[in-house]
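Under the numbering used here, think of the first position of the sequence shown as 155, with each following residue one higher.
From the three backbone atoms N, C-alpha and C, an ideal C-beta is built for every residue, glycine too.
These numbers come from a predicted model, not from an experiment.
Have a look at the structure below, then the notes.
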Amino acid sequence: MSATYSSDEDTINDAFGLSKLPASKKPRTVQDKLVSQAAPHVLAEDPLNQTSLVTRPTDTQMNVNIPYSEMMLPLQGPENPFGDSNRFINQNALAGHVEEQSMSDHAFKAQHLTHSILGYSVNPSIDPNAPSILGSVEKARENGFATIDTLRATSSQKKELKRKRKNRGDLDVVEGEGAYVGPWAAWDGEEEIGFLDGVEDTGDQPQEEEEPEPVVAKKKAKPKLGAYGQETSVFHGKSMTDYQGRTYMHPPLAEAPHIASEVGSQETFIPKTCIHTWTGHTQGVSVIRLFPETGHLLLSGSMDTKIKLWDVYTHGNCLRTFHGHVQAVKDVTFSNDGRKFLSCGYDRQMKLWDTETGQCLKRFSNGKTPYVVRFHPDEDKQHIFLAGMSDKKIIQYDMNSGEITQEYDQHLGPVNTITFVDENRRFVTTSDDKTIRAWDYDIPVVIKYIAEPHMHSMPAVTLHPSKKYFAAQSLDNQILIYSTDNFRQNRKKRFAGHSVAGYACQVGFSPDGKWISSGDGEGNVVFWDWKTGRIKSRLQAHSKVVIAHEWLPHESSKVVTASWDGLIKLWVCPVFDFDLSIVTLDIGLSISILASIVFYMHSRMTSYFCFTCQVL
155 MSATYSSDED TINDAFGLSK LPASKKPRTV QDKLVSQAAP HVLAEDPLNQ
205 TSLVTRPTDT QMNVNIPYSE MMLPLQGPEN PFGDSNRFIN QNALAGHVEE
255 QSMSDHAFKA QHLTHSILGY SVNPSIDPNA PSILGSVEKA RENGFATIDT
305 LRATSSQKKE LKRKRKNRGD LDVVEGEGAY VGPWAAWDGE EEIGFLDGVE
355 DTGDQPQEEE EPEPVVAKKK AKPKLGAYGQ ETSVFHGKSM TDYQGRTYMH
405 PPLAEAPHIA SEVGSQETFI PKTCIHTWTG HTQGVSVIRL FPETGHLLLS
455 GSMDTKIKLW DVYTHGNCLR TFHGHVQAVK DVTFSNDGRK FLSCGYDRQM
505 KLWDTETGQC LKRFSNGKTP YVVRFHPDED KQHIFLAGMS DKKIIQYDMN
555 SGEITQEYDQ HLGPVNTITF VDENRRFVTT SDDKTIRAWD YDIPVVIKYI
605 AEPHMHSMPA VTLHPSKKYF AAQSLDNQIL IYSTDNFRQN RKKRFAGHSV
655 AGYACQVGFS PDGKWISSGD GEGNVVFWDW KTGRIKSRLQ AHSKVVIAHE
705 WLPHESSKVV TASWDGLIKL WVCPVFDFDL SIVTLDIGLS ISILASIVFY
755 MHSRMTSYFC FTCQVL
């Protein structure tokens, strides 16, 4: 823009009215002298030397240095004519006035409830100009500025609120007004109800005969099979007796004469071949027991609540099914003669059965879950049994009277096993408390307490055939051996290499005590040498954990295994083949004998030997 405007006519010297502009709006015609300033003008978009603050929503910095004097100028602009003029006097935040104050939860709740119920509360502000009471000051004065938790009714108010009885009456008046009623006087304000109040007088009007309501027969719930008082059993054979009148309780001496021999009299071998499978359980098998002495019957308890009795030596079929529990069966045990057996389950019931007839003889329960049941092994104490319970106790029952005769209460967890030792004068128990305790029979005092920091729970214990040791399945994947006389651990014998963590896999011994065996969580049966402690064989027996197994007492290499896959299998040793060399006799004759000994199972599971000889 040029500094001056020239024209020949005076009328157009100020054609744009520049002379009428204020001083701040006139163009700069003379360049000002440069002077240093503490707050220079930095706004490039202010050609008229303005000092206004111009910002955009997207700007991140101010382009004007505002002097301190302008920042402290009073607020300008129009005010809200309808707003409270004093609302910003004590405001120190955008939403109002904020002060820091500390008080307990009880004090805060008391003031909050007082304000909600009575309509006033104490002002927590420290501002001396603030009111001391918030809300209704009149109600606060009426209640003496008390909070809801300190407010108490006066004795006069309590008397007014208390119910009052009417006058007791006169003792001389029997009936009518003012009659004596004594402590049975009615309350004030309550209406007296007569004996026939509300009964309408029908007079001589005939009453309408009401139709009788139809009686609906209530359907009784069908009792569960095996519930208390509903125990039954089913025989699966054609006849209970054979042509000689013998039941399945009689040992099959004709088919297996060797079962009459002494237990452990012959050398045993490790089985490897499955020759029979018992099927019938619909869920996992939890326990199996062989018939005492002979082992010709097999008893199994399952998670399908059923107990089954199986034949071992003749046909290998199921003889009888016992329905006596409504939940999974935990343990079963035979008496010494095998004519009776005990069962226990997670339905908190313990029941005594007749093995031959299948009848439930007696029922026992103390309201807790039994984990193990054992008959006393002595012949004169077959009416006594012990049960390890979930409430940390061992209960001793007398079956003749049905009463509890002793309680052994020292464990700190559920009792898992009971094992009689020392000619049945003592017994050993293990528990979830990771300890082993030894007791004298019928004396509830611990005589030996075994507990180490490194010990794990031992949910399965088996006695060695020599009765000198017992093996305990430890949940840290090893089997520990303890002596039965002083209950000390035999640290030279330790059997490991299997995986049983989390499973109560039963430990087994061969009848001659040469082999020790155990199932594992992967479906295997592991066999160790008792003397060396080395693993001799690992048999893949089932698809799930092998929870129990038993060696047949009169066989050289037969083992019964039970698993959570619901199957029970019989295993034997494989075929033996022997070749004998040429034998030269003194008389000059040479005889070549080829002996082939074939071990196989007949349909009746009896061992046979076949010899083939050739004389040259």
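- Secondary structure at H404: coil, using DSSP grouped into helix, strand and coil.
- Per the coordinates, the alpha-carbon of M504 lies some 27 Å from the alpha-carbon of S628.
- Shown here for G380: same chain residues with a beta carbon closer than 7 Å to its own, the five before and five after excluded, namely T459, H477, G478, H479, V480 in chain order.
- Looking at the DSSP output, I597 sits in no beta bridge, so it has no partner there.
- Distances from the alpha-carbon of V388 to those of Y382, T589, G343, I461 put I461 closest.
- Residue pairing of C428 in beta bridges, as defined by DSSP: W725.
- A residue is called buried when at least 16 other Cβ atoms come within 10 angstroms of its Cβ; W341 does not meet this threshold and is exposed.
- Shortest Cα-Cα distance from T616 to any of I635, H608, A605 involves I635.
- Residue burial is scored here from C-beta neighbours: G298 has fewer than 16 other C-beta atoms within 10 angstroms and is therefore classed as exposed.
- Contact annotation: the stretch 414 to 430 does not touch the stretch 507 to 519, with fewer than three C-beta pairs closer than 8 Å.
- Distance from the CA atom of L325 to the CA atom of E331, rounded to whole angstroms, is 12 Å.
- By the beta-carbon neighbour count (other beta carbons within 10 angstroms, threshold 16), E292 is exposed.
- Counting other Cβ atoms within 10 Å of its Cβ, V575 reaches 16 or more and is therefore classed as buried.
- Taking all protein chains in view, the Cβ of Q311 is surrounded by fewer than 16 other Cβ atoms within 10 Å, so the residue is classified as exposed.
- Straight through space, the alpha carbons of K546 and D259 are spaced by roughly 44 Å.
- In the three-state reduction of the DSSP assignment, F262 falls in the helix class, which pools H, G and I.
- Between the stretch 686 to 694 and the stretch 387 to 406, the count of Cβ pairs shorter than 8 Å is below three; the stretches do not touch.
- Of the candidates D485, W725, H565, K263, D485 places its Cα closest to the Cα of S440.
- For T422, the three-state secondary structure derived from DSSP is coil.
- By the Cβ neighbour-count rule, F681 is buried, with 16 or more other Cβ atoms within 10 Å of its own.
- According to the DSSP assignment, Y222 belongs to the alpha helix (DSSP H) that extends over 222 to 225.
- Between the alpha carbons of V582 and K535 lies a gap of roughly 18 Å.
- About 6 Å separates the beta carbon of T573 from that of F624, a gap short enough to meet the 8 Å contact definition.
- Taking 8 Å as the cut-off, the Cβ atoms of F495 and L451 do not count as close.
- In the DSSP annotation of this structure, the continuous segment of the alpha helix (DSSP H) that includes E292 starts and ends at 291 to 296.
- Rounded to the nearest whole angstrom, the CA to CA distance from I670 to G687 is 9 Å.
- Judged by DSSP in its simplified three-state form, P707 adopts coil rather than helix or strand.
- Scanning the stretch 549 to 632 for uninterrupted beta strand (DSSP E) segments of 3 residues or longer gives 557 to 562, 569 to 575, 580 to 585, 590 to 594, 600 to 604, 614 to 617, 623 to 628, listed from N- to C-terminal end.
- Counted as a single uninterrupted DSSP element, the beta strand (DSSP E) harbouring K505 occupies residues 504 to 508.
- Nearest to H565 by alpha-carbon distance, out of E447, K602, T214, is K602.
- Taking the Cα of D683 as reference, the smallest distance to any Cα among K313, M553, H430, F649 is reached at F649.
- If you check the CB distance, V726 and Y657 do not come in under 8 Å.
- Assignment of H477 by DSSP, reduced to helix, strand and coil, places it in the strand class.
- In terms of Cα proximity to P607, the closest of S275, K622, Y397, K588 is K588.
- K318 counts as exposed, since fewer than 16 other beta carbons sit within 10 angstroms of its beta carbon.
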